[in-house]
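Participant: First the structure, which I've put down as structure tokens, then a few questions once you've had a look.
Chains as they are written, first to last, in our numbering: chain W, 283 to 595; chain H, 2 to 343.
Written out as structure tokens, the structure is:
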């Protein structure tokens with residue numbers, strides 16, 4: 283029986299059915315109401331700042347609480363760059379790990395390794411921050427940074443003084459935090475690819491590597507893309523771990539070793555002590571920008587998935 | 002419908018509920034500055050041991066949050082590193098009393114491997130470092146104050162607080178006092194726009210201390226307690242009387258004692274004039290309503306706060322590496338508190 287016919291028959295007829303319908307529809311409507319309500323609250327809260335700075339808030343580069351001059355551009359830059367580094371590192375490592383776990387690993391390795399990777403997701407954010415501050419930042423300052431600067435110091439990306447804290451360190455910490463998400467979902471997606479495809483590829487004479495890269499991964503690319511977007515969503519909003527290793531400087535710099543600032547870090551750092559109305563509303567406006575960016579990223583990803591698979595993702 | 006057993010149980014429950022308020026302790030609430038939190042935590046616990054009918058619940062949500070909750074009358078008292086200004090007092094609606102309850106100093110910690118002697122800095126040099134004009138440790142201005150010390154050619158990494166903080170307020174207040182350029186370019190505040198090109202922000206005193214410890218060439222300001230507990234080297238500063246002083250309980254107390262008539266409108270004790278005064282020190286304040294709504298609670302609040310500013314209460318500060326209020330300040334705090342109608 284096709285979908286419309288089924289729906290015509292399965293109507294809510296009895297009072298119990300109608301009550302059930304109310305609960306189910308109501309529960310779903312609640313989410314829409316929450317999202318819209320959250321958006322409205324953010325707009326209302328940032329009204330003084332919206333009025334004072336207007337759209338120029340997004341492209342101005344100041345953050346001076348004493349003179350009440352606020353601009354979000356350095357924070358947007360920091361958020362985008364750290365998330366981009368994170369997703370670059372995490373997707374590469376995560377997809378390779380997922381392929382290994384799904385296709386190459388013997389069972390006695392695959393199960394414990396999957397468990398360990400998922401355990402990474404259970405580590406609290408602040409523990410990552412502490413580890414980043416006391417282990418990773420000195421490592422970047424003494425080892426990773428100088429090596430990268432030696433090899434790639436001619437590009438502006440790896441020039442400049444190396445403090446240990448900065449965009450690169452924050453990006454690495456974020457990558458560690460989103461690798462479990464990307465790996466676990468990618469592994470499930472790859473495992474769900476029908477065995478026929480793999481067997482057909484092998485029957486035609488491909489090696490395991492060729493099967494993995496030319497048959498399995500392309501077939502799974504929609505799901506893997508979804509996994510990466512989920513990881514990106516987490517990276518965009520991550521606060522405590524990032525604020526401990528990013529250096530907290532509201533400035534745009536080409537170098538990846540330079541300290542920077544993210545939208546979430548500013549709010550976490552300054553909200554409790556912000557006393558003037560414009561200051562508080564500027565912080566809320568940063569929250570609004572983060573909210574909008576997250577929704578746009580997820581919506582774009584969703585649209586791309588729909589365009590490949592047809593509707594009903 | 003309700004049998005005798007049910008009625009009996011109901012009566013028992015109602016009697017128990019009605020008897021509860023008489024047996025439970027009164028809980029006073031306060032919120033605000035995180036600087037005070039360790040001190041309040043210990044002091045209020047000690048007070049409740051001695052006076053079991055009163056407990057104090059203090060939430061360390063930051064000075065701004067404390068003032069907001071106090072204004073909304075959600076808490077009995079607020080704690081803030083910077084006294085409420087005219088605008089905030091007006092928003093409170095009712096007359097407010099502000100008393101100093103804690104005293105702290107910001108030590109200038111640094112990390113310079115290979116240099117065993119304690120670095121000495123003049124106030125102007127420190128300001129220039131934070132303005133970004135001095136970028137290396139072997140700069141002639143620093144060398145001039147440190148004869149005989151071999152200073153390395155390391156870049157100075159300037160560390161500051163990324164979160165809004167009373168310690169930042171005290172430090173920027175000090176820099177504004179000693180440098181006209183700082184005052185006009187940056188100003189005073191709990192969060193400012195730090196001009197040094199090598200400035201790095203860290204969250205909380207613990208963040209700044211951690212950042213300094215793990216970055217060679219770093220310099221930053223942290224509460225005295227952190228420097229003492231973590232055995233970090235700290236700069237010897239030249240105060241306004243020309244003497245070289247290290248940050249310690251004695252020097253911070255001397256700075257406070259120079260201004261016995263500290264008040265909410267005249268509360269800055271940075272760059273104090275005395276010979277033994279440490280230049281970067283400041284008070285932390287508690288705010289209460291002059292006429293609290295509930296007179297029973299007002300009486301208890303008065304008792305707790307007057308104990309807190311007395312020598313007995315301030316003893317708890319010493320063991321946590323805070324600086325106890327000098328006698329003169331204790332007396333003036335108590336006389337302000339006596340204005341409370343209880």
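Cβ coordinates follow ideal geometry from the N, Cα and C atoms, glycine included. Model, not experiment: these values are computed from the prediction.
Going by alpha carbons, who is nearest to residue 209(H) out of 528(W), 494(W), 502(W)?
Facilitator: It is 528(W).
Participant: Residue 201(H) touches chain W at which residues, Cβ-Cβ below 8 Å?
Facilitator: The answer, in chain order, is 445, 447, 529, 530, 531, 541.
Participant: Which one of 138(H), 158(H), 26(H), 162(H) has the shortest CA to CA distance from residue 551(W)?
Facilitator: Considering only alpha carbons, the answer is 162(H).
Participant: Throw me the rounded Cβ distance for the residue 176(H) and residue 138(H) pair, which I believe falls under 8 Å.
Facilitator: So it is not a contact: roughly 19 Å between Cβ atoms.
Participant: Assuming the contact rule is C-beta atoms closer than 8 Å, residue 219(H) and residue 228(H) should be a hit. Round their C-beta distance to whole Å, please.
Facilitator: With a Cβ gap of about 14 Å, residue 219(H) and residue 228(H) do not count as contacting.
Participant: Can you name the start and end residues of the alpha helix (DSSP H) that residue 231(H) belongs to?
Facilitator: Unbroken alpha helix (DSSP H) run through residue 231(H): 225-231.
Participant: Determine, for residue 66(H), whether the minimum Cβ-Cβ distance to residues of chain W falls below 7 Å.
Facilitator: Answer yes: the Cβ-Cβ gap between residue 66(H) and chain W drops below 7 Å somewhere.
Participant: Nearest-angstrom Cα distance between residue 305(H) and residue 261(H)?
Facilitator: Distance between the alpha carbons of residue 305(H) and residue 261(H) is about 22 Å.
Participant: Beta-carbon within less than 7 Å of residue 166(H)'s beta-carbon, same chain only, minus the 5 sequence neighbours each way: which residues are those?
Facilitator: Cβ neighbours of residue 166(H) beyond the five flanking positions: 191.
Participant: From the beta carbon of residue 24(H), is the nearest beta carbon of chain W less than 7 Å away?
Facilitator: Low local confidence applies: a pLDDT of 49 at residue 24(H) is under 50, so the model's placement there is unreliable, with the coordinate-based value given in what follows. No, because no Cβ of chain W sits closer than 7 Å to the Cβ of residue 24(H).
Participant: Helix, strand or coil for residue 101(H) per DSSP?
Facilitator: Strand at residue 101(H).
Participant: Please list, in chain order, the chain H residues whose beta carbon lies closer than 8 Å to that of residue 509(W).
Facilitator: Chain H residues near residue 509(W): none, gap ~31 Å exceeds 8 Å.
Participant: When DSSP builds the beta bridges, which residues end up paired with residue 222(H)?
Facilitator: DSSP output for residue 222(H) lists 109(H) as bridge partner(s).
Participant: If you compare alpha carbons, which of 151(H), 105(H), 102(H), 128(H) is closest to residue 115(H)?
Facilitator: Here the closest residue by C-alpha is 151(H).
Participant: Do you know offhand how far residue 101(H)'s Cα is from residue 265(H)'s?
Facilitator: Cα to Cα, residue 101(H) sits roughly 9 Å from residue 265(H).
Participant: So what does residue 139(H) bridge to, in DSSP terms?
Facilitator: The partner list for residue 139(H) (beta bridge, DSSP) is empty, contrary to what the question assumes.
Participant: Going by DSSP in three states, residue 342(H) sits in which element: helix, strand or coil?
Facilitator: In this structure, residue 342(H) counts as coil in the three-state DSSP scheme.
Participant: Where do the N-terminal and C-terminal ends of the beta strand (DSSP E) with residue 128(H) fall, by residue?
Facilitator: First-last for residue 128(H): 124-132, but that is the alpha helix (DSSP H), not the beta strand (DSSP E).
Participant: Would you say residue 556(W) lies against chain H (beta-carbon separation less than 7 Å)?
Facilitator: Taking Cβ atoms only, chain H reaches closer than 7 Å to residue 556(W), which makes this a yes.
Participant: In chain H, which residues lie with their C-beta within 7 Å of the C-beta of residue 491(W)?
Facilitator: Within chain H, no residue comes near residue 491(W); the closest Cβ sits about 42 Å away, beyond 7 Å.
Participant: Please check if any C-beta of chain W sits within less than 7 Å of the C-beta of residue 204(H).
Facilitator: Yes, residue 204(H) counts as interfacial toward chain W.
Participant: Interface residues of chain W around residue 247(H) at Cβ under 8 Å?
Facilitator: By Cβ distance, chain W contributes nothing, its closest Cβ being about 27 Å from residue 247(H), past 8 Å.
Participant: Starting from residue 324(W), follow its DSSP beta bridges and name the residues at the other end.
Facilitator: Its beta-bridge partners do not exist; DSSP assigns none.
Participant: Is the beta carbon of residue 171(H) less than 7 Å from the beta carbon of residue 283(H)?
Facilitator: Yes; because the gap between Cβ atoms is below 7 Å, this pair is in contact.
Participant: So for residue 537(W), helix, strand or coil by DSSP?
Facilitator: It is coil, neither helix nor strand.
Participant: Measure the Cβ-Cβ separation of residue 253(H) and residue 106(H) and say whether it is below 7 Å.
Facilitator: Yes. Within cutoff.
Participant: Can you give, in chain order, each stretch of the beta strand (DSSP E) that sits fully within the stretch 228-287 of chain H and has at least 3 residues?
Facilitator: Whole beta strand (DSSP E) segments, 3+ residues: 237-239.
Participant: List the residues of chain W whose Cβ lies closer than 8 Å to the Cβ of residue 158(H), in chain order.
Facilitator: Simply 445.
Participant: Given a limit of 9 Å on CB to CB distance, which residues of the stretch 176-191 of chain H reach chain W?
Facilitator: The stretch 176-191 of chain H vs chain W, Cβ under 9 Å: 187, 188, 189, 190, 191.
Participant: Who are the neighbours of residue 62(H) on chain W, taking C-beta pairs under 7 Å?
Facilitator: Simply 554.
Participant: Kindly list, in the order they appear in chain H, the residues whose Cβ is closer than 9 Å to that of residue 345(W).
Facilitator: What residue 345(W) touches in chain H: 192, 194.
Participant: Between the stretch 580-589 of chain W and the stretch 339-353 of chain W, do at least 3 Cβ pairs fall closer than 8 Å?
Facilitator: No: the two stretches stay apart, fewer than three of their Cβ pairs being nearer than 8 Å.
Participant: Looking at C-alpha atoms only, which residue of 495(W), 562(W), 533(W) is the closest neighbour of residue 598(W)?
Facilitator: Chain W is shown from 283 up to 595; residue 598(W) falls before or after that span and cannot be answered.
Participant: Can you pull out the residues from the stretch 208-238 of chain H whose beta carbon lies closer than 8 Å to at least one beta carbon of chain W?
Facilitator: Within the stretch 208-238 of chain H, the residues whose Cβ lies closer than 8 Å to some Cβ of chain W are 208, 211, 212, 215, 216, listed in chain order.
Participant: Going by Cα to Cα distance, which pick from 49(H), 13(H), 32(H), 14(H) is closest to residue 301(H)?
Facilitator: Comparing Cα-Cα distances from residue 301(H) to each of 49(H), 13(H), 32(H), 14(H), the minimum goes to 49(H).
Participant: Quick check on the burial criterion: 16 or more other C-beta atoms within 10 angstroms. Buried or exposed for residue 374(W)?
Facilitator: Exposed: under 16 other Cβ atoms inside 10 Å.
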